[in-house]
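Participant: Taking the numbering used here, I'd label the letters of the sequence shown as residues 26 to 190.
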Amino acid sequence: MNCLLWNFYGLPMVHPDSTLLISINSAGLAMEAIYVTIFFLYADRKGQVKVIGCIFIELVFLAILVTCTLKFSDTHEQRSTIVGIICVIFNIVMYASPLTVMIANSVGLSSGVIQLALHACYRKPTLNHEDVDKPAAELQPYTADENGSDLWVQCYLTHKHIDIP
26 MNCLLWNFYG
36 LPMVHPDSTL
46 LISINSAGLA
56 MEAIYVTIFF
66 LYADRKGQVK
76 VIGCIFIELV
86 FLAILVTCTL
96 KFSDTHEQRS
106 TIVGIICVIF
116 NIVMYASPLT
126 VMIANSVGLS
136 SGVIQLALHA
146 CYRKPTLNHE
156 DVDKPAAELQ
166 PYTADENGSD
176 LWVQCYLTHK
186 HIDIP
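#1: Using the rule of at least 16 other Cβ atoms within 10 Å of the residue's Cβ for burial, across every protein chain shown, is V126 buried or exposed?
#2: What's the gap between the Cα of M26 and the Cα of I111?
#3: If you reduce the DSSP assignment to three classes, tell me which class V118 lands in.
#4: Buried or exposed: where does H40 fall if 16 or more other Cβ atoms within 10 Å of its Cβ makes it buried?
#5: Tell me whether M56 sits in a helix, a strand or coil according to DSSP, three-state version.
#6: Quick one: give me the first and last residue of the alpha helix (DSSP H) that R70 is part of.
#7: Answer yes or no: does any C-beta atom of chain E fall closer than 8 Å to that of S131?
#8: Counting Cβ pairs, one atom from each stretch, are 3 or more of them under 8 Å apart for the stretch 28 to 48 and the stretch 74 to 91?
#9: Would you call the stretch 85 to 102 in contact with the stretch 35 to 55, where contact means no fewer than 3 C-beta pairs closer than 8 Å?
#10: Over what stretch of residues does the alpha helix (DSSP H) that includes L29 continue unbroken?
#11: Mapping the DSSP letters down to three states, classify M38 as helix, strand or coil.
#12: Is the separation between the beta-carbon of F64 and that of V74 shorter than 8 Å?
#13: Does the distance from the CB of Y60 to the CB of G109 come in under 8 Å?
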């Protein structure tokens, strides 16, 4: 849609001497056509119908814009202003659309920060109170018994000192 609008803006009847604008947006339009073609090859019927509906709505909007601009605007300046404003609005919408994902991610980020803060405030200590005063040489290393259970957890839950063989 964006490339279609900018191609219309670059036409000589709207904004004269804009061949560079037309060539760049024609390349963009060709890339969009390739992308949509590849999508149609691999999409299911529901996805294809949805995209066809969107393309149809875009083409109807473009046809209405072209008709109204060429019929009701008399000078190049009026046409350039009207179509230019609409193109800029569509540019802003196109580049602002990823913000919907960013807003959802910011909600997830704030939730994660709150969870980490709560974990930092209310976490259980990893050592027994008896072990805090012991020198590092007397602390037991992190090991598991023959059943694979965690000896530190057993020590902590039972408040017993387990000698590691």
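Just so it is clear, CB atoms sit at the ideal spot from N, CA and C, and this is done for glycine as well.
Only a predicted model underlies this, so the values are computations on that prediction, with no experimental measurement involved.
Facilitator: On the basis of the data shown:
#1: Per the 10 Å Cβ criterion, exposed.
#2: C-alpha separation (whole angstroms): 11 Å.
#3: DSSP, reduced to helix, strand and coil, places V118 within a helical segment of the structure shown.
#4: Burial call: buried.
#5: In this structure, M56 counts as helix in the three-state DSSP scheme.
#6: Where R70 is concerned, the enclosing alpha helix (DSSP H) stretches over 70 to 97.
#7: Any reference to chain E falls outside this structure, which holds one protein chain only.
#8: The stretch 28 to 48, when compared against the stretch 74 to 91, does touch it at the 8 Å Cβ threshold.
#9: Enough Cβ pairs lie closer than 8 Å, so yes.
#10: 27 to 35 is the extent of the alpha helix (DSSP H) around L29.
#11: The answer is coil: DSSP assigns M38 none of H, G, I, E or B.
#12: Cβ atoms of F64 and V74: not closer than 8 Å.
#13: No Cβ-Cβ contact shorter than 8 Å links Y60 with G109.
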